[in-house]
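Trainee: Sharing a structure, written as structure tokens. Questions coming.
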Ligand SMILES: Nc1ncnc2c1ncn2[C@@H]1O[C@H](COP(=O)(O)OP(=O)(O)OP(=O)(O)O)[C@@H](O)[C@H]1O
Ligand SMILES: [Mg+2]
């Protein structure tokens, strides 16, 4: 988790000057970020800053009107989500992200839609990270607790053999103890080689866990730097870390 | 008692046709997010195609069956882009717009059938296709080949469908899209291809239904699709829109109800009486007996 101030030499993801609108609402304005292959990068921003839009655009859900996205050196600017998942990006959506009327096992297998033949091995890995899911395999996902649901959503994202995992507000709505567990697992996943992009409103934990960070305001990147430095930034302290 | 058993068999075979149609209708509703209430017209169109194929091949059953099934799949897949266009234009599915498209498709098919085939007269299927020959009988009970066939095929096809839905990755994707299409897209499910697959599968179900209807009824007319469509729509609403298990139960129940009315009360009023019962049920359970799954 060594902090480096500069952008990585060989980024696994490079977003360059991206602009995305919903009708007349412009949600991203000329936003650029990069993520190195071994990094955890955090996106900070208030409600409506554009964090979800940026993650969903990387995945291929929204069509940008300008700018470009490349993944592992390949341009993926207008590539649809299912192909990006196939080639190694997965998203843990904000809040929901699980199918409550389906079993835990079905939810996990959905993540392996494109690589079902290797699902037994991947299931083993996921159950290694989240033992509770192994016991709950046949249970309806809707009956899980909030923390278990978040684990299921992360587990599902691991099923598709990703190299980059986008995690949208992993801590939202969870008790502090569970938040700590989730961040510990995120750090462990990163240590195993997964590149990770997180979005957070509560910055302290996220900055502690990550290498670098970007601050989004109304769709613009207004600040970027090593997480340790952002943590000391008085503006960030006031806006995102709290007292 | 004999009448009861005879009509119960009649009801089951008629009911299994309803079940097949309702299942196809619900699949399109859940996965492709369209209300295709003219789907039975598409099925009747395939009966006509099958009839033409039989005439040209000197009543080759194989060709007739293949023509019915292939034409239903082709017709469904060809119509898919029309519906999908509505999806794409509006960013998400507009279920009202799909109803207008479906209505138009139904009317066009009915018109084509009443102008271009057999001068609009009802068509009759050849002897070797019709299933009215008695397989076995006992007193008033006559079990025909068509009845046994439609019941058997109904059971096999519906079982196979549920196997696909709950045991394969395509079925899993169908269920995911049915529960939350936006989330399914985020998870990496190819929405468009999976939607197209549901059209093809609905076509397959429709083609099999067309063959069974030809065997069971032995004839068809341009207005058949519309008459059946009303019942299919009613069954799916009464069961609970999108509820596959509900459709199974209510579809069979309607078939049996109609047959019982025909056997014990009057043949000519069976539609009206069936719809009165459906009316009472929907007043008691506005969201359907088994609940909507949308
Ligand atoms: N489907 C949509 N239609 C119209 N506007 C949208 C849509 N989704 C998001 N927006 C707008 O785009 C902007 C960015 O939203 P986005 O959800 O990306 O923000 P966010 O940083 O994820 O916020 P939050 O922390 O509340 O999740 C907001 O102004 C929002 O109102
Ligand atoms: Mg968000």
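Protein chains in written order, with this note's numbering: chain A, -14 to 228; chain B, 242 to 535.
Idealized CB from N, CA, C, for every residue including glycine.
In this text, all values refer to a predicted model and were calculated from it rather than measured experimentally.
1. Is the beta carbon of residue 254 of chain B closer than 8 angstroms to that of residue 391 of chain B?
2. Within a Cβ cutoff of 8 angstroms, which residues of the same chain sit near residue 132 of chain A, ignoring the five residues on either side of it in sequence?
3. For the candidate residues A:154, A:15 and A:108, whose alpha-carbon lies nearest to that of residue 50 of chain A?
4. Return no unless some Cβ of chain B is closer than 8 angstroms to the Cβ of residue -4 of chain A.
5. Using a Cβ-Cβ cut-off of 8 angstroms, state whether residue 78 of chain A counts as contacting chain B.
6. Report all residues from its chain with a CB closer than 7 angstroms to the CB of residue 302 of chain B; omit the five preceding and five following residues, and keep chain order.
7. Whose C-beta lies closer than 6 angstroms to the C-beta of residue 331 of chain B among residues of the same chain, with five residues either side of it excluded?
8. Any beta carbon of chain A sitting closer than 8 angstroms to that of residue 428 of chain B?
9. If the criterion is Cβ atoms closer than 8 angstroms, does the pair residue 2 of chain A and residue 22 of chain A meet it?
10. What is the DSSP secondary structure of residue 530 of chain B, reduced to helix, strand or coil?
11. Between the region 409 to 421 of chain B and chain A, which residues of the former have a C-beta closer than 7 angstroms to a C-beta of the latter?
12. Taking the beta carbon of residue 9 of chain A as the centre, do at least 16 other beta carbons fall within 10 Å, making it buried, or is it exposed?
13. DSSP on residue 128 of chain A, reduced to helix/strand/coil?
14. With residue 388 of chain B as the anchor, note down where its alpha helix (DSSP H) starts and where it stops.
15. Say whether chain A places a C-beta atom closer than 8 angstroms to the C-beta of residue 317 of chain B.
16. Using the three-state DSSP reduction, which class does residue 511 of chain B fall into: helix, strand or coil?
17. Taking the beta strand (DSSP E) that residue 19 of chain A falls in, what are its first and last residues?
18. Can you list, in chain order, the residues of its chain with a C-beta nearer than 7 angstroms to that of residue -1 of chain A? Leave out the 5 residues immediately preceding and following it.
19. Compute the beta-carbon to beta-carbon distance between residue 317 of chain B and residue 441 of chain B, rounded to the nearest angstrom, for a pair I have assumed lies under 8 angstroms.
20. Alpha carbon to alpha carbon, how far is residue 290 of chain B from residue 308 of chain B? Give it in angstroms, no decimals.
21. Report yes if the CB atom of residue 156 of chain A is closer than 8 angstroms to the CB atom of residue 28 of chain A, and no otherwise.
22. Cα-Cα, which of B:310, B:305, B:339 and B:304 is closest to residue 320 of chain B?
23. State buried or exposed for residue 292 of chain B, treating a residue as buried only when at least 16 other CB atoms are found within 10 Å of its CB.
24. Express the C-alpha separation of residue 24 of chain A and residue 311 of chain B in angstroms, rounding to a whole number.
25. Suppose you measure from the CA of residue 386 of chain B to the CA of residue 377 of chain B; what does that come to, to the nearest Å?
26. Is residue 207 of chain A close to chain B? Criterion is C-beta to C-beta, closer than 8 angstroms.
27. Any Cβ of chain D within less than 8 angstroms of the Cβ of residue 96 of chain A?
28. With distances taken Cα to Cα, identify the nearest neighbour of residue 322 of chain B among B:488, B:418, B:439 and B:285.
29. Confirm the yes/no value for this check: CB of residue 190 of chain A, any heavy atom of ligand 1, distance under 7 angstroms.
30. Give me the Cα-Cα distance between residue 272 of chain B and residue 249 of chain B, rounded to the nearest whole angstrom.
31. Taking just the CA atoms, how far does residue 95 of chain A sit from residue 430 of chain B?
32. Going by CA-CA distance only, name the one from A:195, A:190 and A:189 that's closest to residue 182 of chain A.
33. Specify, as a first and last residue, the run of the beta strand (DSSP E) that residue -1 of chain A falls within.
34. Determine whether the Cβ of residue 67 of chain A lies closer than 8 angstroms to any Cβ atom of chain B.
35. Using a threshold of 8 angstroms, state whether the C-beta atoms of residue 87 of chain A and residue 416 of chain B are closer than that.
36. Give the DSSP bridge partners of residue 180 of chain A, in chain order.
Mentor: In short, the structure shows the following:
1. Taking the first residue of the second chain as 1, we reach residue 391 of chain B at position 150. Taking the first residue of the second chain as 1, we reach residue 254 of chain B at position 13. Closer than 8 angstroms, so yes.
2. As a position in the first chain, residue 132 of chain A is number 147, starting the count at 1. Once the five neighbours on either side are set aside, the close Cβ partners of residue 132 of chain A are 159, 160, 163, 166 and 167.
3. Working through the first chain from its first residue, we reach residue 50 of chain A at position 65. With distances taken between Cα atoms, residue 50 of chain A lies closest to A:15.
4. Taking the first chain and counting its residues from 1, the one referred to as residue -4 of chain A is at position 11. Under the Cβ distance rule, residue -4 of chain A does not count among the residues neighbouring chain B, no pair being separated by less than 8 angstroms.
5. Stepping through the first chain from its first residue, residue 78 of chain A is reached at position 93. Flagged as an interface residue toward chain B: residue 78 of chain A, by a C-beta distance shorter than 8 angstroms.
6. Counting from 1 along the second chain, the entry for residue 302 of chain B is found at position 61. Annotation for residue 302 of chain B: 369 and 370 place their beta carbon closer than 7 angstroms to its own, counting only its chain and skipping 5 residues before and after.
7. As a working note, residue 331 of chain B is residue 90 in the second chain. With a pLDDT of only 46 at residue 331 of chain B, under 50, the local geometry of the prediction cannot be trusted, and the value read off the model is given with reservation. Correct list: empty, nothing qualifies.
8. As a working note, residue 428 of chain B is residue 187 in the second chain. Yes, residue 428 of chain B lies at the interface with chain A (some Cβ there is under 8 angstroms from its Cβ).
9. The residue you call residue 2 of chain A lines up with position 17 of the first chain. The residue you call residue 22 of chain A lines up with position 37 of the first chain. No, they are not a contact pair.
10. Numbered from 1 along the second chain, position 289 holds the residue referred to as residue 530 of chain B. DSSP places residue 530 of chain B in the coil class of the three-state scheme, outside both helix and strand.
11. Going along the region 409 to 421 of chain B in chain order, one finds 410, 413, 414, 416, 417, 420 and 421 with a Cβ nearer than 7 angstroms to chain A.
12. One-based indexing of the first chain puts residue 9 of chain A at position 24. Counting the other Cβ atoms within 10 Å of the Cβ of residue 9 of chain A gives fewer than 16, which makes it exposed.
13. Numbered from its first residue, the first chain carries residue 128 of chain A at position 143. In the structure shown, residue 128 of chain A sits in a helix (DSSP, three-state: H, G or I).
14. Indexing the second chain from 1 puts residue 388 of chain B at position 147. Counting along the chain, the alpha helix (DSSP H) containing residue 388 of chain B begins and ends at 386 to 408.
15. What you label residue 317 of chain B is simply residue 76 of the second chain in a count that begins at 1. No, because no Cβ of chain A sits closer than 8 angstroms to the Cβ of residue 317 of chain B.
16. Translated into the one-based positions of the second chain, residue 511 of chain B becomes position 270. DSSP places residue 511 of chain B in helix when its eight states are reduced to three.
17. Against the first chain, residue 19 of chain A aligns to sequence position 34. First-last of the beta strand (DSSP E) with residue 19 of chain A: 10 to 21.
18. Residue mapping note: residue -1 of chain A aligns to position 14 of the first chain, counting from 1. Closer than 7 angstroms at Cβ, skipping near neighbours: 19 and 55.
19. Your numbering for residue 317 of chain B matches position 76 in the second chain. Your numbering for residue 441 of chain B matches position 200 in the second chain. Right, the Cβ-Cβ distance comes to about 7 angstroms (below 8 angstroms), so this counts as a contact.
20. Taking the first residue of the second chain as position 1, residue 308 of chain B is located at position 67. Taking the first residue of the second chain as position 1, residue 290 of chain B is located at position 49. Taking the straight line from one Cα to the other gives about 7 angstroms.
21. The residue labelled residue 156 of chain A in the question sits at position 171 within the first chain. The residue labelled residue 28 of chain A in the question sits at position 43 within the first chain. Going by C-beta atoms, residue 156 of chain A is not nearer than 8 angstroms to residue 28 of chain A.
22. Looking up residue 320 of chain B in the second chain gives position 79. For residue 320 of chain B, the nearest C-alpha among the options comes from B:339.
23. Position 51 of the second chain, counted from the first residue, corresponds to residue 292 of chain B. Burial call: buried.
24. Start at 1 with the first residue of the second chain, and residue 311 of chain B comes out as number 70. Start at 1 with the first residue of the first chain, and residue 24 of chain A comes out as number 39. For residue 311 of chain B and residue 24 of chain A, the distance between alpha carbons rounds to 53 angstroms.
25. On the second chain, residue 386 of chain B is found 145 positions in, with the first residue counted as 1. On the second chain, residue 377 of chain B is found 136 positions in, with the first residue counted as 1. Cα to Cα, the separation comes out at about 9 angstroms.
26. Working through the first chain from its first residue, we reach residue 207 of chain A at position 222. Under the Cβ distance rule, residue 207 of chain A does not count among the residues neighbouring chain B, no pair being separated by less than 8 angstroms.
27. The chain inventory of the structure shown lacks chain D, comprising the protein chains A and B.
28. Translated into the one-based positions of the second chain, residue 322 of chain B becomes position 81. With distances taken between Cα atoms, residue 322 of chain B lies closest to B:439.
29. Residue 190 of chain A sits at position 205 when you count from the first residue of the first chain. For residue 190 of chain A, the shortest C-beta to heavy atom distance toward ligand 1 is 7 angstroms or greater.
30. Along the second chain, read from residue 1 onward, the residue named residue 272 of chain B stands at position 31. Along the second chain, read from residue 1 onward, the residue named residue 249 of chain B stands at position 8. Using only the alpha carbons, I get a separation of about 33 angstroms.
31. Position 189 of the second chain holds residue 430 of chain B. Position 110 of the first chain holds residue 95 of chain A. Looking at the backbone, the Cα of residue 430 of chain B and that of residue 95 of chain A are separated by about 8 angstroms.
32. Taking the first residue of the first chain as 1, we reach residue 182 of chain A at position 197. For the set A:195, A:190 and A:189, the Cα lying nearest the Cα of residue 182 of chain A is the one of A:195.
33. Position 14 of the first chain, counting from 1, holds the residue named residue -1 of chain A. Counting along the chain, the beta strand (DSSP E) containing residue -1 of chain A begins and ends at -4 to 7.
34. For the purposes of this step, residue 67 of chain A is identified with residue 82 of the first chain, where counting begins at 1. So yes, residue 67 of chain A belongs to the interface.
35. Counting from 1 along the first chain, the entry for residue 87 of chain A is found at position 102. Counting from 1 along the second chain, the entry for residue 416 of chain B is found at position 175. Their beta carbons are under 8 angstroms apart, which means residue 87 of chain A touches residue 416 of chain B by this criterion.
36. Here residue 180 of chain A is taken as the residue at index 195 of the first chain, counted from 1. Partner(s): A:149.
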